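Protein chains in written order, with this note's numbering: chain D, 1 to 367; chain Y, 368 to 734; chain V, 735 to 1101; chain Z, 1102 to 1468.
Number of protein chains: 4
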Amino acid sequence: MTESREQTALPQPKPEQTGYAVIGLGKLTLEELLPAFAVGRASRLAAVVSGDPAEARAAALAYGLTEADAYSYDDFEKLGERDDVHAVYIVLPNSLHREYTERAAKIGKHVLCEKPLATSVEDAEAMVRACKDAGVFLMTAYRCQYTPHHWAARDAVQSGRLGQIKLMHSVNVQVEPNEGQWRLRRELAGGGSLPDVGLYCVNTVRFLLGEEPYEVSGTLYSTPGDERFREVEESVTWQMRFPSGVVAQCACSYGAATARSIDVFGTEGRLAIDPAFDYQNLRLTVQTGQDVTEVRVPPEDQFRLETDHFSRRIQEGCAPYTPGEEGLQDQKIMAAIYQSAHEGGRPVALERFEGRDVFRGAAPERS
Amino acid sequence: MTESREQTALPQPKPEQTGYAVIGLGKLTLEELLPAFAVGRASRLAAVVSGDPAEARAAALAYGLTEADAYSYDDFEKLGERDDVHAVYIVLPNSLHREYTERAAKIGKHVLCEKPLATSVEDAEAMVRACKDAGVFLMTAYRCQYTPHHWAARDAVQSGRLGQIKLMHSVNVQVEPNEGQWRLRRELAGGGSLPDVGLYCVNTVRFLLGEEPYEVSGTLYSTPGDERFREVEESVTWQMRFPSGVVAQCACSYGAATARSIDVFGTEGRLAIDPAFDYQNLRLTVQTGQDVTEVRVPPEDQFRLETDHFSRRIQEGCAPYTPGEEGLQDQKIMAAIYQSAHEGGRPVALERFEGRDVFRGAAPERS
Amino acid sequence: MTESREQTALPQPKPEQTGYAVIGLGKLTLEELLPAFAVGRASRLAAVVSGDPAEARAAALAYGLTEADAYSYDDFEKLGERDDVHAVYIVLPNSLHREYTERAAKIGKHVLCEKPLATSVEDAEAMVRACKDAGVFLMTAYRCQYTPHHWAARDAVQSGRLGQIKLMHSVNVQVEPNEGQWRLRRELAGGGSLPDVGLYCVNTVRFLLGEEPYEVSGTLYSTPGDERFREVEESVTWQMRFPSGVVAQCACSYGAATARSIDVFGTEGRLAIDPAFDYQNLRLTVQTGQDVTEVRVPPEDQFRLETDHFSRRIQEGCAPYTPGEEGLQDQKIMAAIYQSAHEGGRPVALERFEGRDVFRGAAPERS
Amino acid sequence: MTESREQTALPQPKPEQTGYAVIGLGKLTLEELLPAFAVGRASRLAAVVSGDPAEARAAALAYGLTEADAYSYDDFEKLGERDDVHAVYIVLPNSLHREYTERAAKIGKHVLCEKPLATSVEDAEAMVRACKDAGVFLMTAYRCQYTPHHWAARDAVQSGRLGQIKLMHSVNVQVEPNEGQWRLRRELAGGGSLPDVGLYCVNTVRFLLGEEPYEVSGTLYSTPGDERFREVEESVTWQMRFPSGVVAQCACSYGAATARSIDVFGTEGRLAIDPAFDYQNLRLTVQTGQDVTEVRVPPEDQFRLETDHFSRRIQEGCAPYTPGEEGLQDQKIMAAIYQSAHEGGRPVALERFEGRDVFRGAAPERS
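In structure tokens form, the structure reads like this:
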């Protein structure tokens, strides 16, 4: 957690900030990431890489770079010559994450990769290995593990304020339009709603508990005849069981109006974040006894918090809080959910881990 | 739904109201049912039956009756001589529901029976049969099928305002203290949290959709070593699939701080009731687009609405909206959830019904 | 405050409860008071008095009385012969409050009188005197001084939880239709929105603070040409200054959609009740620091709490918490507000009282 | 209103954006304005001016400028040589607004001036004149006239959705610590809580209605013995009357825990913004009938919206929506409130304007 006091301090001088090349100029990059770099306190935009040269040049000029900072995918390796580019941020279709991670590792750049880390456990493992071998850091871009609301929720869960946690529920649904985008193509996306939106439920439940599930079961559903869901599933409902006894029920869909929530039920109280995964306006409520308290955490740019975390870790030479291994674990869980669904919903066992935060690095500094 | 206009009208004259004998003087009777009868518009208290004569006499005197209106369990059949007692309201441990229903039917009294209807499918079937044979009405006391908030929610679901419904979630949890009460004894209760609080989720999901599930799966969990759960389960998580494609995830527990909610996710919007099953202060919110609307339905005494419904149906000679068959169907669903849990969570099929509201009587009049 | 534990106890036996004759069968009586008596724990309905004999008989029969318990206004004095009628509850147009209070005092009945106590300071003073001389209790029916939400708010204000109180704001507005009712006739109502709805603001601000204002100023406004406001004012905005330094701004109207709220601003936090004066569904929120807590007080029938308070005080021979003097003080404040408005808004001084709760009896027992 | 579609478009290329010199490096500049310029779509930071050279250089380096872009107050006029500095943004103690506006006008720079525009009507008039004579634009930095929530509220008010508006209430209070800052010194601030926080109430009420008050009355209060309020007032309560009949009650304070709200009461419904004046997390609710709707407007950086508006108007050669005249009118209203308070609270008349938005420029483009 970046400190609130830090707010009154100035950002690092631009020349000392960690420089990023952003790979991919989709909606997320244009609407969220480039503005987040503009207010980066330890991070700055150093280059943009796109398949569309005009778009790349326009983005460069709009955010204070020059045309020389715009690259094509073919030129990617030229970034290796740029000493002011310390890391790449991969914002490409899921199936390309592995290739660009490996190419970045080869030219000695640290890698911040959008979620899901990959489209298969195998690819995710290869990515972790490639970065390790090259001596660069790999971070999975799990925004919700860096935001004040989620940390306040984690504190409430782990401090015992809610008593012993018994049940959790998380939902992440949205309507995915049929516009030929890569998210509905299995080869590019690696799945349907599960790896895209359902992953938030998997990941945030794990984050709040600090535990790993030892068993999952799941079922899929796609509306018969809906053209959007010929290659990938529309909805997934699944359940995860944790060593402490917690049972988490989750649901994701590409076919329901936007809803994103997480609920935690303990012996002494309950907690809800709703909306839970949006870029802004998260709402956290805690109930113990009759009273219901809305915890009003001052909002921050979530993408800035995430990138500044990685930048500081790079500057300090330490692994990030959500390294590649954290993304790999989710990849394994999602594979087990799919396996359960394909086997009629029977429970599927996962490797059992008893420790806490076993795939995470040192916790981010807190305010 | 009783009309709001009715509010400005006076209740029926007392002598014309349907008279009830209430069987069992526990907390629910003392705190909710007797006050509800006091404001009944078509219903009045005519007798009380209890194992504790002093308590029975005190209750009678407190609510405008005389000591002669207080009966013991052994005297139950004497109610047969009371022309001003038209119906009995059974508020006893679940395992006694069958016996008293049969005894009431034999003396020609209509039966309003607390939920769950029975402790087994077999008992529930016997109760339906006994009342049918005796020519008396049997109503399952499903309070939530008579309240304005739930009807407003049902309207939103069935009117298409939320689009096509895709997912539902419902939770009903509370901490059940270990005070030797019958709810933790299998023989008396017929189960643990499922038939007591989980039944609300089963029943209200069915009510909102008007559909019957064709498949369920479930798992149980009890905290190891917790003395309360030696005979009955602490928590149940389960899933129900409906012909329209809706998947409902539900959870109930005797081990988590009170939380009672229902969420509906459709293609055009979402809906939540939270609290959903409390006696008062229900809150209904509907979201379509960005805006979130709290639908402020004027509250009413839920128990009065329920008993007045049965009274009017008795006066009109028509079956109630939630007859014994409605309670029997839930009994079958709960049996299937337990079966799934005992078979490792595999899905269990239920009889398939394609019609709507197949176990319900004519809808209550609405305001 | 009636104790919550009391809830699990039974009401007093009916014959031992305080018996009331309700004078006036308008909407408030039919919709709120008669049902409240039905669930009275120390109070029961004993007679009804109305100008419409058929209505009176119907009300009697609907609530467990006989036709002999129905009286006409002319028969009022016959109540003197009824030993089971201990008190009268006056629910008549404001201008009749004095006459019926004096008539009740003469026949030795205690008086619960709807607010405002009278249509003038002089009448209010006469009422207090008449009851004192006759040795009966007079209680002003200030419902909001008996409800859990308002007591929770008073506690927050007076405990210092909000720090030192600096500012308050209260609004009570509704649309009064032009249906020839007495509320729009000066002679019957004694004023417009101020004595009817604005009085809630005056009274509740005083109750929360426990202080008396030493200065008020006010202005009136009626929409030009609106036929409803030929005799009485539409809106009043006014300000009250208290010895502790608190300034309270208030507004009432007969011309705006229903809104009823009270806000308190202190050095350490703020508090709001909104809705504040409704019969049910009050909402109390408290903010200290960033977090906003909704204090969910279990709701109770407000009219029952009020009448049961008076009944218990009658049974104990003690003055009620809101005696006639409490209503008289508000009458003086309202007179000063009108005076200020008629003098162009200049501040008008009131008698200065430094003590706390100077016009109130012993506080109601609390849960 | 900047269009939401604009979000997916890129900002103007940096070299084409309007360049600003920010004068004053206080908390507002460091925490809000510099980050807002970083994400400007039509606006960029071009220079910083401060009395502290090290701070100025650090700010320049942190936001992508060079040390050569840092100026001292004495160097201010050197900005005249900078073709890439089109405007200055004055963020200095109120008493310096006039001097720097006149100096900026002299060197041909447009002026964006923080609120309040000045410390006296005379100064405000001089500033308007100076800019007019120099042919540069003067904009009062009224953030709340550019944000989506306030525009949604204005739409609800002016569209008739709430019916005819009758009453308004607005509060803006906070605790001002005694740290020797200029806000508690009359000579520098021009007043206490009124020009600083109370101005939001004055201005936003006017903005929502589009009307000008014709009469105000007010009272001051400072806690006796509180050292903070030796020179300036702690609290002000005041009332404004508008030609349409609306009466607005307002309160501001330096002595109460932060609360910022605005309430509108109409014949058909009510509206609230609470928090109303914060930099983020504004909440707008609208009630018509029973239901209460929270209008969830996607949040935006309020300072960016404001500065981008001025930049586009400069680029187009048109006056801004909130020119100097708009700030001057508030100066006159505040002077009348003080006058009323000093004359014992008697109403003070203002010049009467019957038109709508008489001091505003063309409305900002809307999404």
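Using N, Cα and C, we set each Cβ at its ideal position, and we do this for glycine too.
The structure presented is a predicted model; accordingly, all values stated were derived computationally and were not measured.
When you check each C-beta in the stretch 247-266 of chain D against every C-beta of chain Y, which residues fall closer than 7 angstroms? 247, 249, 251, 253, 255, 256, 257, 259, 265, 266
Please classify residue 987 of chain V: is it buried, with 16 or more other beta-carbons within 10 angstroms of its beta-carbon, or exposed? buried
For residue 906 of chain V, which beta-bridge partners are listed by DSSP? V/986, V/994
Excluding the five sequence neighbours on either side, which residues of its own chain have a C-beta within less than 6 angstroms of the C-beta of residue 472 of chain Y, listed in chain order? 497, 498, 501, 503
Tell me which residues share the same chain as residue 429 of chain Y and place their Cβ nearer than 8 angstroms to its Cβ, disregarding the 5 neighbours each side in the sequence. 401
Determine which residues share a DSSP beta bridge with residue 663 of chain Y and list them. According to DSSP, which records beta bridges pairwise, residue 663 of chain Y is partnered with nothing at all.
Three-state secondary structure assigned by DSSP to residue 849 of chain V: coil
N- and C-terminal bounds of the beta strand (DSSP E) containing residue 180 of chain D: That residue, residue 180 of chain D, is in no beta strand (DSSP E); it is neither H nor E in DSSP.
Considering only C-alpha positions, which residue in the set Y/625, Y/453, Y/380, Y/420 is nearest to residue 678 of chain Y? Y/453
Excluding five sequence neighbours on each side, which residues of the same chain lie with their C-beta closer than 7 angstroms to the C-beta of residue 598 of chain Y? 551, 552, 553
Compile a chain-ordered list of the residues in the stretch 635-652 of chain Y whose CB is closer than 7 angstroms to at least one CB of chain V. 647, 648
So is residue 1418 of chain Z buried or exposed if we call it buried at 16+ other beta carbons inside 10 Å? exposed
Per DSSP, what kind of secondary structure is residue 1469 of chain Z in: helix, strand or coil? There is no way to answer for residue 1469 of chain Z, as the model of chain Z reaches only from 1102 to 1468.
What number of angstroms, rounded off, separates the C-alpha of residue 1011 of chain V from the C-alpha of residue 775 of chain V? 23 angstroms
Run down chain V in chain order and give the residues with a C-beta less than 7 angstroms from the C-beta of residue 294 of chain D. 1025, 1026
Give a yes or no on whether the minimum CB-CB distance between residue 116 of chain D and chain Z is below 9 angstroms. no
Beta bridge counterpart(s) of residue 19 of chain D as assigned by DSSP: D/44
With a threshold of 8 angstroms on Cβ separation, who are the neighbours of residue 969 of chain V within its own chain once the five nearest residues in sequence on each side are excluded? 907, 927, 954, 955, 956, 985, 986, 987, 988, 989, 990
Could you tell me the alpha carbon to alpha carbon distance between residue 1223 of chain Z and residue 1464 of chain Z, rounded to whole angstroms? 27 angstroms
Apply the 10 Å Cβ neighbour rule to residue 179 of chain D and answer buried if 16 or more other Cβ atoms are within range, or exposed otherwise. exposed
Cβ of residue 665 of chain Y within 9 angstroms of any chain Z Cβ: yes
Give the interface partners of residue 169 of chain D over in chain Y, defined as CB-CB distance under 8 angstroms, in chain order. 536, 538, 616, 618
Name the one or two DSSP bridge partners that residue 1369 of chain Z has. Answer by DSSP bridge pairing: none, since residue 1369 of chain Z is not bridged.
Applying a beta-carbon distance threshold of less than 7 angstroms, which residues of chain Y neighbour residue 221 of chain D? 612, 614
DSSP has residue 273 of chain D in a bridge; who is on the other side? D/262, D/284
Contact set for residue 716 of chain Y: own chain, Cβ-Cβ below 6 angstroms, skip 5 residues either direction: 582
Comparing the C-beta of residue 175 of chain D with each C-beta of chain Y, is any distance below 9 angstroms? yes
Below 9 angstroms between beta carbons: does that hold for residue 1014 of chain V and residue 941 of chain V? no
Give the straight-line distance between the Cα atoms of residue 1103 of chain Z and residue 14 of chain D, rounded to the nearest whole angstrom. Because the pLDDT of residue 1103 of chain Z is 29, which lies under 50, any placement of that residue in the model is unreliable, and the question is left without a value.
At which residues does the beta strand (DSSP E) containing residue 241 of chain D begin and terminate? 235-241
Use the C-beta contact count for residue 1443 of chain Z: other C-beta atoms within 10 angstroms, 16 or more gives buried, fewer gives exposed. exposed
Per DSSP, which one or two residues make a beta bridge with residue 438 of chain Y? Y/416
Supposed contact pair residue 462 of chain Y and residue 557 of chain Y - C-beta distance, whole angstroms, cut 8 angstroms: 6 angstroms
Cβ of residue 754 of chain V within 9 angstroms of Cβ of residue 777 of chain V? yes
For residue 608 of chain Y, tell me which candidate among Y/700, Y/637, Y/676 has the shortest Cα-Cα distance. Y/700
Does the stretch 1417-1432 of chain Z come close enough to the stretch 1265-1273 of chain Z to have 3 or more Cβ pairs within less than 8 angstroms? no
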